[in-house]
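Written below as structure tokens is the structure these notes are about.
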Amino acid sequence: MSENGKIKAIVATDCGSTTTKAILIKLVDGEYRLIVRGEAPTTVEAPFEDVTRGVLNAIREVEELSGHEVLDGEKIIHPNESDRGVDLYLSTSSAGGGLQMMVAGVVMSMTAESAQRAALGAGAIVMDVLASNDGRLAHEQIERIRHLRPDMILLSGGIDGGTITHVVELGQIISAADPKPRLGVGYALPVIYAGNKDAAGEVSKLLEEKTVLYNVANLRPVLERENLGPARDKIHDLFMEHVMAQAPGYDKLMGWTDAPIMPTPGAVGSIIETIAKRQDIEVVGVDIGGATTDVFSVFKETFNRTVSANLGMSYSVSNVLAEAGIENVMRWVPFEMGELAVRNRIKNKMIRPTTVPQALQDLKLEQAIAREALRLAFEQHKSFAVSLKGVQQERTISDAFDQSSSGETLVDMMDLDLLVGSGGVLSHAPRRQQAAMMLIDGFLPEGITRLAVDSIFMMPQLGVLAEVHEKAATEVFEKDCLIHLGTLVAPSGTAQEGKPCLKLEARMPDGTTINEDVPFGEMRVYPLAIGDRADVKLTPVRGFDLGAGPAKPVEASLSGGVVGLMIDTRGRPFTLPTDEKERVTKLERWASAFGAYPS
Amino acid sequence: MAHAYTPGLKVADLTVFRKDRRLPIKGEVLVKKGDKVNSDTVVARTHLPGNVQLMNIASKLGIPPEDLPTVMKKKEGDHVEKGEAVAETAGFFGMLKSKVPAPCGGTLESVSTITGQAIFREPPTPIEIDAYIDGTVVDIIEEEGVTVEAVGTFIQGIFGVGGERTGEIKVLVESPSEPLDESKVDGSCKGKVLVGGSHVTWSGLQKVMDVEAAAVVVGGFDDPDLRRLLGKDLGVAITGHEDLGSTLILTEGFGEMAIAPATFELLKAREGMKASVNGATQIRAGVIRPEIVVPMRDAGKDDVDVEHVASMGLDVGSRIRVIREPNFGSLGEVIDLPNELQKMESETMVRVLSVRLDNGNEVLLPRANVEMIER
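Written out as structure tokens, the structure reads:
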């Protein structure tokens, strides 16, 4: 591989379960920019059963669209010389079901939770969490392991130097289950042991004959600290060696790439973590797909990822209804429609997941469901992205009335700086205003928050690129990946409809000024283009807060976007009227203020 | 590019149908290549490893785990009977002995001197798989199963619940748009594969189950009724393992929807013949749709019209079915496949096709919202 400074052209692909996406990045006037994007169907399944077919087809589309030659027959031209070939070729993959893991730890809320965090952070789907106190009997746990057939198991438990009995018991349970991997009949299942180092010998005795056992450093060496890095790195290595190597065509693809292939969600997490660190901001990212919704966050320099495996907009659309309940879905539907019709329509989408909303009513219904999918996925994320549990805290008398304890969520919506959405329902919404409203209603940001969408979902490719060339990844992320929707101002607090809530004073880039009192219960948008900024003074009335304290004014320079400067005085906590007519009227009024739908 | 392909559900008058019948783990294949089999012929058999039971012997005897070897009466790998003593303390001069009985019959698999725990494995449970269809064994998958082939009618549904069943086809309605209610179901339906019309009502389905029909095939069903049937909201379309009296197969979707006329006519033509049906549905990568197979012993492979079996691309003249609102369920013919993206009422920009519906209306539809009628 060339040195970073000499890299002029990069191709990165993401092999998804249905589509393989390729991007071409080039150094233009000293800056890395996205040139084009191409896509082709993924070819992991019959009749092709070779992932490289889809990769070559996607790269060919990139060649056709850009005129930049990348392939010589079926080989990637390496390195780039006189505008031909590339200096770096990278790939991510979630094809063939991605990385499916089972994790185990002694105590559900401690080592098992740390193990889950390590697996999720590495980009895995966690199929089940096994713990000594998970409420199941041993034979039930064994039955479950046998039934699931994960790609690998991460076993943790105990702090270094602590008791070894419980973690050895977990080892016995895994050994008794004699688990088999999902792919590759006849192969042994990889198990990573990242628990009490004193138990490693006993665990080896139990598992080394039945599985391929790897020992790494304890992921919870002391109660007060997690050490997820070694386990996460080992998961990535094994993903390549065991899972990818079994998938059709990956041995060839692995020979082409200049860096290890990463699981797609792991790569998305990597770019979000990089951006949060570089800009020193608190970030939440969401990728709402057909089957799953991934949420990523960085708060207080701690990265967290969750996968809501059955919340999505096509395959899992009916599960959103099952989990949220019909009332919660119906509350976002901005027209009157009977429950039977809503239910049947959702089920019809489930059984024909590739159809698209042709009628406006259908689009509105899908976007109503998306709000609930986002809300539920974020609820799950908030309850998982917490400070370490089981940590004793030193308290002084001044803390006596402070209820904070270990295990509190790290997610603080008032501190959130940037909310990024991606996935079909957000990225392909016919109007960007619709994406903005879905993000606002689904996440309910508080204070001042920038909103953006990843229009063509290239975060995975940029994530793997960030691992080897951070500069290129972050430049493209800021300039070409994100579509800035604008800045949202949403005071926390509640009042009666129409009562004073917020005073807005703004100097817009064209020199005009805005001086308005925004009453409670409103949604407003002021045009403020991408790249423009408005100097504002925002003064919440008594009972409302924008982050500086109750009724304290905030002065800031806010950035614009394709939607503009957005004001939401509907209150936090947010509620909708229960009366259907009143609710529909409000939903219509807010959508109309944003210009979200054709009239 | 005036050529596109949107796969539809297969409705084949006469086709070659093959089904892999595999054991979940390796076992014994009981038939040979070329054997004629019936749907209930057992083709392969194996034994699933028995359940495991754990018992902490050290804590039962009140001794440290490392002392276990001194009290064990059985060693790892030994056969044990339920209640048989597996460990025993020495007691005082042969008195006051404490015994630990085996919690189940089977094998003592392991004893740990770290945890004090013993693992007992129950005897293996036998499982068998049958041929599912009347046909011929055309391939043997060594130690795993067989491929059974039959020539006959094959119809795919869109969604189903309940597993494999066989029975004679009995059509209960006059037309594909007639709903099926309880008045049409009686004792003569027992063990049959029933064909309804546009919809089966909740009470109709109850009656189908009461008379122990093998299955019911209809156009549509209401989601609230599915919820009542399963006892929960179905989140993800992975079905087939439900413990229901009768299998339910929908050919069109949720709501009231006439069975496609070609499907209905075909089922009517096969009335009185034995069908093998399966409601199993999986809508994920590697889609599985419910199916109705009617093997026809007299037909040979030569009778199958290969032209019809091959999947054709979507082209001008293709017959299609609309699979989303508006016009959901309507049939028509493709009259144009424009290249340019077009804006729909929802403002979504999509690739489209122009269709003349059977009612004479010409409409523009997203290509993703139609499926080809494959024959």
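Protein chains in written order, with our numbering: chain A, 219 to 817; chain B, 1134 to 1508.
Think of the CB as a built atom: it goes at the ideal place given N, C-alpha and C, for glycine as much as any other residue.
Asked                                                                                                                                                                              : Found
So which of B:Val1233, B:Ile1190, B:Gly1405 and B:Ala1251 has the shortest CA-CA distance to Gly1210 (chain B)?                                                                    : B:Ala1251
Between the region 508-525 of chain A and the region 546-562 of chain A, are three or more C-beta pairs nearer than 8 Å?                                                           : no
Just confirm the distance between the C-beta atoms of Tyr250 (chain A) and Ile241 (chain A), as a whole number of angstroms; I'd bet it's less than 8 Å.                           : The Cβ separation is near 11 Å, so there is no contact.
Give the residues of chain B in contact with Leu539 (chain A), contact being defined as C-beta atoms less than 7 Å apart.                                                          : Asp1366
May I ask you to report which of helix, strand or coil DSSP gives His1212 (chain B)?                                                                                               : strand
For Glu1242 (chain B), which residues in chain A fall below 8 Å Cβ to Cβ?                                                                                                          : Ala394
Considering just the uninterrupted stretch of the beta strand (DSSP E) at Met1205 (chain B), what are its terminal residues?                                                       : Run containing Met1205 (chain B): none; DSSP gives neither H nor E here.
If we require 3 or more residues per run, which beta strand (DSSP E) segments fall completely within the region 1277-1358 of chain B?                                              : 1278-1289, 1292-1294, 1297-1304, 1326-1328 and 1348-1354
For Thr383 (chain A) versus Thr1248 (chain B), is the C-beta spacing smaller than 8 Å?                                                                                             : yes
For Ala1145 (chain B), does the three-state DSSP call read helix, strand or coil?                                                                                                  : strand
Using 8 Å as the threshold, is the region 1198-1207 of chain B in touch with the region 1173-1182 of chain B, meaning 3 or more CB pairs across them?                              : no
Which residue wins for smallest C-alpha separation from Val759 (chain A), given the options A:Lys717, A:Leu746, A:Gly778 and A:Ser775?                                             : A:Lys717
Would you decide whether Thr1286 (chain B) is buried or exposed? Buried here means 16 or more other CB atoms lie within 10 Å of its CB.                                            : buried
Quick check: the region 1163-1170 of chain B against the region 1230-1237 of chain B, are at least 3 beta-carbon pairs closer than 8 Å?                                            : no
Of all Cβ atoms in chain A, is any one closer than 8 Å to the Cβ of Gln1186 (chain B)?                                                                                             : yes
Report the option in B:Gly1160, B:Ile1158, B:Glu1282 and B:Arg1154 whose CA atom is closest to the CA atom of Pro1428 (chain B).                                                   : B:Glu1282
Mind checking who His702 (chain A) pairs with in its DSSP beta bridge?                                                                                                             : A:Ala670
From the DSSP secondary-structure annotation, give me the bridge partner or partners of Met370 (chain A).                                                                          : A:Met319
Out of B:Leu1490, B:Ile1371, B:Asp1491 and B:Val1455, which one is the CA nearest neighbour of Ser536 (chain A)?                                                                   : B:Ile1371
Got a sec: which bits of the region 563-577 of chain A sit with their beta carbon under 9 Å from any beta carbon on chain B, in order along the chain?                             : Arg563, Ile564, Lys565, Asn566, Lys567, Met568, Ile569, Arg570, Pro571, Thr572, Thr573, Val574, Pro575, Gln576 and Ala577
What residues from chain B crowd round Ala356 (chain A), counting only those whose CB sits closer than 9 Å?                                                                        : Val1185, Gln1186, Leu1187, Gln1250 and Ile1252
Between the beta-carbon of Ala313 (chain A) and the beta-carbon of Thr260 (chain A), is there less than 8 Å?                                                                       : yes
For a quick check, are the C-beta atoms of Lys226 (chain A) and Asp352 (chain A) less than 8 Å apart?                                                                              : no
Starting from Ser309 (chain A), follow its DSSP beta bridges and name the residues at the other end.                                                                               : A:Thr231
Return the residue from the list A:Tyr533, A:Trp550, A:Ala588 and A:Glu590 that minimises the CA-CA distance to Val567 (chain A).                                                  : One point to set straight first is that residue 567 (chain A) is Lys, not Val, in the sequence displayed. Of the listed residues, the one whose Cα sits closest to Lys567 (chain A) is A:Tyr533.
Taking DSSP as the reference, what is the three-state secondary structure of Ile846 (chain A)?                                                                                     : The shown model of chain A, from 219 to 817, leaves out residue 846 (chain A), and the question about it has no answer.
Quick one: using the 10 Å Cβ neighbour count with 16 as the cut-off for buried, is Thr1334 (chain B) buried or exposed?                                                            : buried
For Val440 (chain A), count neighbouring C-beta atoms within 10 Å of its own C-beta (all shown protein chains included) and say buried if the count is 16 or more, exposed if not. : exposed
What is the DSSP secondary structure of Asp290 (chain A), counted as helix, strand or coil?                                                                                        : strand
So which residues of chain A does Asp1355 (chain B) contact, with C-beta pairs closer than 8 Å?                                                                                    : Leu558, Arg561 and Asn562
My understanding is that Asp1319 (chain B) touches Val1284 (chain B), with C-beta atoms under 8 Å, so please give their C-beta distance in whole angstroms.                        : About 33 Å; that fails the 8 Å criterion.
With a 10 Å radius around its C-beta and 16 neighbouring C-beta atoms as the bar for buried, classify Pro1157 (chain B) as buried or exposed.                                      : exposed
Hey, which unbroken runs of the beta strand (DSSP E) at 3 residues or more fall wholly within the region 498-526 of chain A?                                                       : 501-506, 511-517 and 520-526
If we cut at 8 Å on Cβ distances, does Pro648 (chain A) have a partner in chain B?                                                                                                 : yes
Count the other CB atoms, across all protein chains shown, that sit within 10 Å of the CB of Glu299 (chain A); report buried if there are 16 or more and exposed otherwise.        : exposed
If contacts are defined as beta-carbon pairs under 8 Å, then Leu1241 (chain B) and Lys1207 (chain B) qualify, I think. What distance do you get, rounded to the angstrom?          : 5 Å
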